[in-house]
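J.: First the structure, then my questions, so here it is.
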């Protein structure tokens, strides 16, 4: 892959946007490569958690506007096709953490919203900067942002296109963790390792229930949660309870 680099370490996959000369802006071929990298992660049972990061000190400046008309770019007018940025219309089955340095703006912000968690370096900037150029959010921004930060804050960011600091992003729940400059990837990988180390069927069941419940009435969501969790109790929970009874994990130790 020319503009996407993938590293596997244990159960953790790190997917790098590797086009630093364009601030990791995504053109058509790069979008295809990124989608393929996510599909490979999803289909590899040995890989549990992915980290998405940008090379060269920035996460992603969005779509490469110099290549919007190139024949390799996906058709953004096709609602049944892939997202123009690549994986943004995927419903991932495993956890993803975005490690954000520099700028995560426009389509780059939408890539970050695909993640379950976002580790944002203290001097990073996020925002819907495409507001200035008449380019709409067609990679999940209008769908995912309100679910993460709430309607009012989402409309503020979407309508004004203003820059958002790491501190403000953390305050509104857009950032999960604020890291020191240069520490975003290492902090994201450490967080990924902690998640991957848990009994993983339970992790996946609870994660799936959260997302499914967003689209269900309360009663149906509660029944679905119970139905999805019951077999996991039998496969993982019984053994976990036995470890606790034997003395493991007392007083909140992980």
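In the working numbering, the protein residues as written are 49 to 302.
We put the CB at the ideal spot given by N, CA and C, even for glycine.
#1: Considering only C-alpha positions, which residue in the set 63, 270, 279 is nearest to residue 134?
#2: If you draw a straight line from the alpha carbon of residue 181 to that of residue 111, how long is it in whole angstroms?
#3: Identify every residue that forms a DSSP beta bridge with residue 56.
#4: Three or more beta-carbon pairs under 8 Å between the segment 157-173 and the segment 215-223, yes or no?
#5: What separation, rounded to the nearest whole angstrom, lies between the Cα atoms of residue 98 and residue 212?
#6: Please determine, among 256, 177, 139, 244, the residue with the shortest C-alpha to C-alpha distance to residue 210.
#7: Residue 267 to residue 273, Cα distance in whole Å?
#8: Please state if the CB of residue 93 and the CB of residue 240 are separated by a distance shorter than 9 Å.
#9: Judging by CA-CA distance, which residue of 207, 179, 222, 173 is the nearest neighbour of residue 192?
#10: Between 256, 196, 277, which lies nearest to residue 139 when the distance is taken from Cα to Cα?
T.: In terms of the structure at hand:
#1: 63
#2: 12 Å
#3: 61
#4: yes
#5: 25 Å
#6: 177
#7: 10 Å
#8: no
#9: 222
#10: 256
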